[in-house]
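Q: Residue 1 is where the sequence shown starts when you use the UniProt record's numbering, and the numbers rise one by one after that. Pasting a structure here, questions to come.
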Amino acid sequence: MASYLPATMQAQVLTSFNAPYELTILPIPTPTDHDLLIKFAGTIVSAGPLAFSAMPSLRVGTRVGVPGRSYRPCTKCWECTNNDDDPKGYSVACPKGENLGITRDGGFQQYALVDVRQVAKIPDELTDVEAAPLMCAGLTIFSALLKCGLKEGGKVGIIGCGGGLGHLGLQFGVRMGFEVIGVDASDNALKLARNLETKAKIFDARLTKTEAFQQGFDYGMNLLRNHGKCVVLSFPASGFQVSATDLVFRDVQVLGSLVGKNRVLKQMLAFAAEKNVRAVTRTYPLRELNELVEVYKEGKGGKLVIDMTL
Ligand SMILES: [Zn+2]
């Protein structure tokens, strides 16, 4: 580890379920193997012995962003060896890869260990606060839009268009050249979506009484044309039902999508920088993470970001 680093850092830690985060002092970890040690927001401060040979374009001082998946994948399974041009032996879908913020420490700390194959360089056009929501929500919705396989001028509907993913999807979709229809069901979300002034058409789903997830899903399926694709990005605990009639008689496809490949992450960041795709954000200092959580539960739309400079 570089000698100028302090020995300890501030970290917000969850010690049990359904409890608030606790602001704690922890030792700064040491990178090994393919690790990068990054100082938030995103500057590489040191690296494990295999890191820079795996990603030669990166060095100490480079500003990178990191999605949660996949830390130290197995490098040998089907996913890791059929990875569609991601770094060699690396897949975000490896079942043995760990997840930052779930199976390992995540980003609510001043320094973090990440896998060099997870990250992408942040374009100069994007500030740290602008880049943060793109690393999960931006990548997820961008990747899902690519999965639709639409040509320029194709139609896409975004159910939940004022949410964290949805409002980025409106911007990405319109700037990819699609005809975008956005749907949401609360005043705040609809206002946020309309204020973006993309060319998407925005509809209030409350006109047709959509309340529970199943009704929202059915609403989306009814909007979908025959032979269309429904890409599911949310995962309610109770699941949802798909009509066999929609699958068989209407030839509708239902797909899921979870974040995206490292290759797509780089593509998405370049697109967002060039086409001015920006999340609507509200920022909080690290010490006020629990306040952020309370506002998140209110579901006001847009993205809530921890700004390490506050
Ligand atoms: Zn694997």
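Beta carbons: idealized from backbone N, C-alpha and C, even for Gly. For clarity, every value in this text was computed on a predicted model and none was experimentally measured.
Could you tell me whether any non-hydrogen atom of ligand 1 is closer than 7 Å to the CB of residue 73?
A: Mapped onto the sequence shown, residue 73 falls at position 73. Within the cutoff, so yes.
Q: So is the beta-carbon of residue 88 under 7 Å away from any non-hydrogen atom of ligand 1?
A: For the purposes of this step, residue 88 is identified with residue 88 of the sequence shown, where counting begins at 1. Because no heavy atom of ligand 1 lies under 7 Å away, the Cβ of residue 88 does not count as near it: no.
Q: For residue 53, is the beta carbon positioned less than 7 Å from some heavy atom of ligand 1?
A: Position 53 of the sequence shown, counting from 1, holds the residue named residue 53. Incorrect: residue 53 has no Cβ contact closer than 7 Å to ligand 1.
Q: Can we count residue 186 as close to ligand 3, meaning its CB is less than 7 Å from some heavy atom?
A: With respect to ligand 3, the structure offers nothing, as its ligand set consists of ligand 1.
Q: Taking Cβ to Cβ, would you say residue 304 is nearer than 8 Å to residue 295?
A: As a first step, residue 304 must be located in the sequence shown, where it is residue number 304. As a first step, residue 295 must be located in the sequence shown, where it is residue number 295. It is a contact, given that the beta carbons lie within the stated cut-off.
Q: In angstroms with no decimal places, state the Cα-to-Cα distance between residue 47 and residue 130.
A: For the purposes of this step, residue 47 is taken as the residue at position 47 of the sequence shown. For the purposes of this step, residue 130 is taken as the residue at position 130 of the sequence shown. Distance between the alpha carbons of residue 47 and residue 130: 25 Å.
Q: Please tell me whether residue 259 and residue 92 are closer than 8 Å, where the distance is taken between their beta carbons.
A: Counting from 1 along the sequence shown, the entry for residue 259 is found at position 259. Counting from 1 along the sequence shown, the entry for residue 92 is found at position 92. Yes, the Cβ-Cβ distance between residue 259 and residue 92 is below 8 Å.
Q: Measure the Cβ-Cβ separation of residue 31 and residue 7 and say whether it is below 8 Å.
A: On the sequence shown, position 31 is the one that residue 31 refers to. On the sequence shown, position 7 is the one that residue 7 refers to. No, Cβ-Cβ distance for residue 31 and residue 7 is not below 8 Å.
Q: By the three-class DSSP mapping on this structure, what secondary structure does residue 191 have?
A: Within the sequence shown, residue 191 is the residue found at index 191, counting from 1. In this structure, residue 191 counts as helix in the three-state DSSP scheme.
Q: On the premise that residue 66 lies in contact with residue 119, defined as a C-beta separation below 8 Å, what is that separation, rounded to the nearest angstrom?
A: What you label residue 119 is simply residue 119 of the sequence shown in a count that begins at 1. What you label residue 66 is simply residue 66 of the sequence shown in a count that begins at 1. Sure, about 5 Å apart at Cβ, within 8 Å.
Q: Using a Cβ cut-off of 8 Å (strictly closer), state whether residue 205 contacts chain B.
A: No chain B is part of this structure, which consists of one protein chain only.
Q: Provide the residue(s) that pair with residue 46 in DSSP beta bridges, ordered along the chain.
A: Here residue 46 refers to the residue found at position 46 when the sequence shown is read from its first residue. Paired residue(s): 37.
Q: Does DSSP classify residue 285 as helix, strand or coil?
A: Numbered from 1 along the sequence shown, position 285 holds the residue referred to as residue 285. Residue 285: coil per DSSP, three-state reduction.
Q: In chain order, what residues of the same chain have a beta carbon less than 7 Å from the beta carbon of residue 278, not counting five sequence neighbours either side?
A: For this step, residue 278 is matched to residue 278 along the sequence shown. Within the same chain, residue 278 has close Cβ partners 130.
Q: So for residue 263, helix, strand or coil by DSSP?
A: As a first step, residue 263 is located in the sequence shown; it is residue number 263 there, counting from the start. Three-state DSSP puts residue 263 in a helix.
Q: Taking the straight line between their C-alpha atoms, what separation do you get for residue 189 and residue 49?
A: Position 189 of the sequence shown, counted from the start, is the residue given in the question as residue 189. Position 49 of the sequence shown, counted from the start, is the residue given in the question as residue 49. If I take the Cα positions, the gap works out to 46 Å.
Q: Given that a residue counts as buried once 16 or more other Cβ atoms are within 10 Å of its Cβ, and exposed if not, what is residue 203?
A: Residue mapping note: residue 203 aligns to position 203 of the sequence shown, counting from 1. It is buried - the Cβ of residue 203 has at least 16 other Cβ atoms within 10 Å.
Q: Just to confirm my understanding: we take residue 2, look at its own chain, exclude 5 residues before and 5 after, and list those with CB closer than 7 Å. What are they?
A: The count along the sequence shown starts at 1 and reaches residue 2 at position 2. Only weak support exists for where residue 2 lies, its pLDDT of 49 falling under 50; the value from the coordinates is given anyway. Excluding sequence neighbours, residue 2 sits near 45 and 46.
Q: With a threshold of 7 Å on Cβ separation, who are the neighbours of residue 331 within its own chain once the five nearest residues in sequence on each side are excluded?
A: Lying outside 1 to 310, the shown extent of the chain, residue 331 is not represented and no answer is given.
Q: Just reading off the alpha helix (DSSP H) that residue 80 is part of, what are its end residues?
A: Here residue 80 refers to the residue found at position 80 of the sequence shown. Looking at the DSSP string, the run of the alpha helix (DSSP H) that includes residue 80 is 78 to 81.
Q: In the structure shown, what three-state DSSP assignment does residue 158 receive?
A: Mapped onto the sequence shown, residue 158 falls at position 158. Residue 158: strand per DSSP, three-state reduction.
Q: Okay, do the segment 253 to 272 and the segment 219 to 233 touch, 3+ Cβ pairs below 8 Å being the bar?
A: Yes: at least three Cβ pairs fall under 8 Å.
Q: With distances taken Cα to Cα, identify the nearest neighbour of residue 307 among 282, 178 and 290.
A: What you label residue 307 is simply residue 307 of the sequence shown in a count that begins at 1. Looking at the Cα atoms, 282 is the closest of the given residues.
Q: Residue 77: beta carbon under 7 Å from a heavy atom of ligand 1?
A: Along the sequence shown, one-based indexing puts residue 77 at 77. Yes - ligand 1 has a heavy atom lying nearer than 7 Å to the Cβ of residue 77.
Q: If you draw a straight line from the C-alpha of residue 83 to the C-alpha of residue 90, how long is it?
A: For the purposes of this step, residue 83 is identified with residue 83 of the sequence shown, where counting begins at 1. For the purposes of this step, residue 90 is identified with residue 90 of the sequence shown, where counting begins at 1. The alpha-carbon atoms of residue 83 and residue 90 are separated by roughly 7 Å.
Q: Residue 238: which of 95, 141 and 214 sits nearest, CA to CA?
A: As a working note, residue 238 is residue 238 in the sequence shown. The shortest Cα separation from residue 238 among 95, 141 and 214 belongs to 214.
Q: Please state if the CB of residue 270 and the CB of residue 123 are separated by a distance shorter than 8 Å.
A: In the sequence shown, the residue the question calls residue 123 occupies position 123. In the sequence shown, the residue the question calls residue 270 occupies position 270. Cβ distance < 8 Å, so residue 123 and residue 270 count as in contact.
Q: Who are the Cβ neighbours of residue 24 in its own chain at under 7 Å, not counting the five residues just before and after it?
A: Position 24 of the sequence shown, counted from the start, is the residue given in the question as residue 24. For residue 24, where only same-chain residues beyond five positions count, the Cβ hits under 7 Å are 11 and 13.
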